Amino acid sequence: MLSNIHHIQHQANGGTHRYNNLILMHPNCHRSIHAAKRAIRKLEVSKKSDTLMRA
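28 is the number of the first residue of the sequence shown in the numbering used here; add one for each residue after it.
Following this line, the structure appears as structure tokens:
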């Protein structure tokens, strides 16, 4: 399966190519995010409980 790399914070808005600003997405999902002009919220792993939390 192919994947696309999506910038969480777009480059036009100061986003970087660093791994913590990138997410792998299915190509169809990636296109739909851009077509709808939706944003992806960054998730980070809590060091205390290993659960995902919204940043």
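Ideal placement from N, C-alpha and C gives every residue a C-beta, glycine not left out.
All values reported here derive from a predicted model rather than from experimental measurement.
His34 - containing alpha helix (DSSP H), residue span: Annotation for His34: no alpha helix (DSSP H) segment contains it, though the beta strand (DSSP E) segment containing it runs Asn31 to His34.
Please look up how many angstroms separate the CB atoms of His34 and Leu49, rounded, as I've assumed it's under 8 angstroms. Indeed, because the Cβ distance is near 6 angstroms, the residues count as touching under 8 angstroms.
Using the three-state DSSP reduction, which class does Ile67 fall into: helix, strand or coil? Assignment of Ile67 by DSSP, reduced to helix, strand and coil, places it in the coil class.
Rounded to the nearest angstrom, what separates Cys56 and Ala63 at their Cα positions? Cα to Cα, the separation comes out at about 11 angstroms.
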